[in-house]
Each structure stands twice: as structure tokens, then as C-alpha cells.
Ligand code: PLP
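Numbering (this note's numbering), first residue to last: 8 to 422.
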């Protein structure tokens, strides 16, 4: 057992919390599962599993259009999640919350719908060197379509954005600044409040990709003054296929619908269609009702622990893990920002990340290896891939010890 310091916030009982996650109770290849891949998708507590099951067993009906009891119940449960998301992000009204499939769809919705009427040839969209592909490609597609230019905020060797370079990129042609709140590949927490303020000073709008922030820290879109903010349900302990896009009312009202179909209309004739008010204008077709209800249960669950407590505990895990991995000869952590979420991305001299991941898997340890959908980040650090251990509040110090022991084994096998 490691002699490194283990600090646990008062009242935080990780073993109690782990009881809520059935998936964590299994063995993989005869070893207890050590799940260190929460940045890819987080595990689901019983509260979420039960909410989805209850919907299918008791309330299942399509929403919004039915007068019968089941439809009323389903609608109420689904819309309740919108109210919970409003609170979770501290939005002004429920109408500013649009249900989407996830952060990817949230970004595509804005790039497509807002971009259609607001970007002209010669305009510029600013993103950062830290982005996930889902906050690069939609903007690239928009720029190609409109003859606009994509500009990229560079970062330093720790994985921190260079704000003085960002300042230089801003100008009268900047229409949108789209950056991630937390980097999935490195864990860097960006100073998004500052980034938004600088964009606004230049007259540009902002979109914050909160996919990796929502599970780890309190978010306040009003305090950030973000114009758009999006996150995925499955990374915040909810189901896949559901997420939230927040947008300021004034901006959403001015944007055309993203998709056409049922539920997003007021009236339809062959000559003309009028669109529904917010938020339904952006919600064509039968949505992921069960997913929406599951997301509500997930937000309740996270709130029951408290995001401040979660952030404090995960910070201790990160400090402990950083020290523990730092003691392994030949291992280099990629991404050493001062402000960091609980992500440990690393390379080991002479051993390919896929080999590391495979050997760890045989020991029951689930990590992610590859480019993490952030190829430009890998290029910046001149590595083809990293091994990434991403932590959540259900992880333990003992699991980090298991990771370090697993890596010693990797080294024995490949040296
Ligand atoms: N943005 C970041 C920073 C991510 O880490 C991810 C997923 O890993 C996404 C966006 C895309 O999320 P999703 O695939 O849930 O739409």
C-alpha cells in the first residue's frame, strides 16, 4: 500500500456511494473491476437505472400530445428534467434548455442553426487547441460552407491556453468563440469566464463545451455569461443519447429551427409552417423520453452528494494519483495544468498505450488508450496516443494503488 497522503472531505463515504453503482461490484478477468474511464462514459447509479425502468414499467407513453393519464405523467416527468437542468446550470428560464442527444448535437445545433444566418465569407470562428473533435469539426464544416476562417488558441507545454495569444486572435471579424470548459484529453480546466468576457469585448458570441465539466464542478451560466453551454447526460451519470443545450433566450429566438418535424410546429399547411415557441422549436420528433427522465434522476443524484464535495474529493484523488504515477520511472504525465480536473493522461517510454491498456485490462483495470477524439492535442504533444485514467467520485485511493501496481506489471512485461 502506498504511503502517500490520502485526504477525504468530511462526511464523504466512498464505500457507501459505491453501493449505489451495481456495475462496480463485478470482477473482470477474475479481478475486481477498477473503472477509470469515466471521461468516456460515467457509470449509472441505481437511482437512474430505476427511473428508466419505472418509466417503461409504469408510465410509458409519448409526451406533449396526449390527454390520457400515461402521456400526462410521461410529459410531467420529462419536463421536470428541464426544470432540474435549469437549476443545474442556473439558467434564467426553462425555455433556455433544449434537449439534445448530447454535447455533440448541442454544438452541431448551434453551428448549423446560428451559423446559417450569422456567418459570412471572411468571418472568423475561434476554437482552442484543446478541443474534442466534436468542438472542431462542426465549426470546420460551417467555415467551409460559408467561406469563413477557423482560428485556434494555442496552448503551452502544460496544456494551458495562452490568453495573450487568444487576445490577438480576437477582432471585428470574430463571430463565435467555442471552447471546452474542461479538456477530456488532458484535464485542463479553462478560465472560461475570462474567455467569455474577452470574446464579448470583441463583439463575439461564445459556446462552452461542458461535456467534461458537468460531472465535476458547479456550473453557473449566468455568472459565466456564456451564450451557449452544452453537456452530455451519459458523462454526468445519466443515460446515453440525451444531453442539454443552454442558450440565451434572445439568441435562441432569433435562430431558425435545427430540424423539422413533429412537435416543433404551431401550424402546418403546404404553403407555410409556423414554428413552436422555445424550447420546442428545437425539439423535432419523439425525443429520448426515458433518457430525459433518467437524466433528471442523475442530476438529483449528483446534487445529493454535492458538486463542491465531488470536486474536493476528486481533487485529492488527482493529487494522490499524480504523485503515485510520478514515482514510476519512464512515465510522463501529459497535461500538467495548474487548474486540472481528475484526468491522468500519460505515456511510458518505449511502451505503446494500447499494450498498456491491454495489460491493465487483464488486471481488471479499465482505462482508455488512443487519441481521445482530440488528435490535434496529441499532435501538439508529439505523441500518437496516451493512456488516460479518468476519475469520478466513486473511485478510491486503493484503485489508484491498483493502477500503479498494474503499471509496474506492464513495465515488467515490456522491459
Ligand atoms: N466534448 C468533450 C470535451 C468530450 O469529452 C466529449 C466526449 O468525450 C464530447 C464533447 C462529445 O460528447 P458526446 O459524445 O457525449 O456527444
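Think of the CB as a built atom: it goes at the ideal place given N, C-alpha and C, for glycine as much as any other residue.
- Distances taken from the Cβ of residue 242 to the heavy atoms of the ligand PLP include one shorter than 7 Å.
- Contact check for residue 363 against residue 343 fails: the beta carbons are separated by 8 Å or more.
- Uninterrupted beta strand (DSSP E) stretches at least 3 residues long and entirely within the segment 213 to 296 occur at 235 to 239, 250 to 254, 272 to 275, 280 to 282, given in chain order.
- Taking 7 Å as the cut-off, the C-beta of residue 115 does not count as close to any heavy atom of the ligand PLP.
- In this structure, 69 is the residue among 69, 162, 32, 38 with its C-alpha nearest to the C-alpha of residue 299.
- Around residue 305, the same chain offers 55, 243, 244, 245 as residues with beta carbons nearer than 6 Å, after the five sequence neighbours per side are excluded.
- With the rule of 3 Cβ pairs closer than 8 Å, the segment 112 to 132 counts as touching the segment 245 to 258.
- DSSP places residue 27 outside both helix and strand once states are collapsed to three, so it counts as coil.
- Three or more beta-carbon pairs separated by less than 8 Å are not found between the segment 12 to 19 and the segment 204 to 214, which leaves the two stretches without contact.
- Residues of the same chain with a CB within less than 6 Å of the CB of residue 297, apart from the 5 flanking positions on each side, are 59, 62 in chain order.
- At a cut-off of 7 Å, the beta-carbon of residue 67 does not count as near the ligand PLP: no heavy atom of the ligand is closer than that.
- Distance from the C-beta of residue 109 to the nearest heavy atom of the ligand PLP is below 7 Å.
- With 16 or more other Cβ atoms from the protein chains shown falling within 10 Å of its own Cβ, residue 191 counts as buried.
- Taking C-beta atoms under 8 Å as the contact rule, residue 169 and residue 384 fail to qualify, at a distance of about 15 Å.
- Burial check for residue 117: the Cβ neighbour count within 10 Å reaches 16 or more, so the residue is buried.
- In this structure, the beta-carbon distance from residue 146 to residue 262 does not fall below 8 Å.
- DSSP, reduced to helix, strand and coil, places residue 39 within a strand of the structure shown.
- Taking 4 residues as the shortest admissible run, the segment 160 to 198 contains the following complete alpha helix (DSSP H) segments, listed from N- to C-terminal end: 170 to 176.
- The alpha-carbon separation between residue 328 and residue 351 amounts to approximately 8 Å.
- Excluding sequence positions up to five before and after residue 274, its CB lies within less than 6 Å of the CB of 281, all in the same chain and listed in chain order.
- At a Cβ-Cβ threshold of 8 Å, residue 189 and residue 219 count as neighbours.
- For residue 120, there is no enclosing beta strand (DSSP E), as DSSP marks it with neither H nor E.
- For the pair residue 241 and residue 49, the CB atoms are nearer than the 8 Å cut-off.
- In this structure, the straight-line span from the alpha carbon of residue 73 to that of residue 79 is close to 7 Å.
- Of 326, 318, 355, the smallest CA-CA separation from residue 335 is found for 355.
- Contact between the segment 195 to 208 and the segment 148 to 157 is absent, with fewer than three C-beta pairs closer than 8 Å.
- Sixteen is the threshold: since fewer than 16 other Cβ atoms of the shown chains lie within 10 Å of the Cβ of residue 128, the residue is exposed.
- Only residues of its own chain outside the window of five on either side were considered, and among them 24, 312, 317, 320, 321 have a CB closer than 7 Å to the CB of residue 400, listed in chain order.
- Around the beta carbon of residue 370, a 10 Å sphere encloses 16 or more other beta carbons of the protein chains shown; the residue is thus reported as buried.
- By DSSP's assignment, residue 387 forms no beta bridge with any residue.
- Residue 410 is positioned such that its CB atom lies closer than 8 Å to that of residue 43.
- Annotation for residue 259: 285 place their beta carbon closer than 6 Å to its own, counting only its chain and skipping 5 residues before and after.
- Relative to the non-hydrogen atoms of the ligand PLP, the Cβ of residue 187 comes within a distance shorter than 7 Å of at least one.
- According to DSSP, residue pairing for residue 44 in a beta bridge involves 397.
- One Cα belongs to residue 367, the other to residue 417, and the distance between them is close to 7 Å.
- Straight through space, the alpha carbons of residue 341 and residue 380 are spaced by roughly 15 Å.
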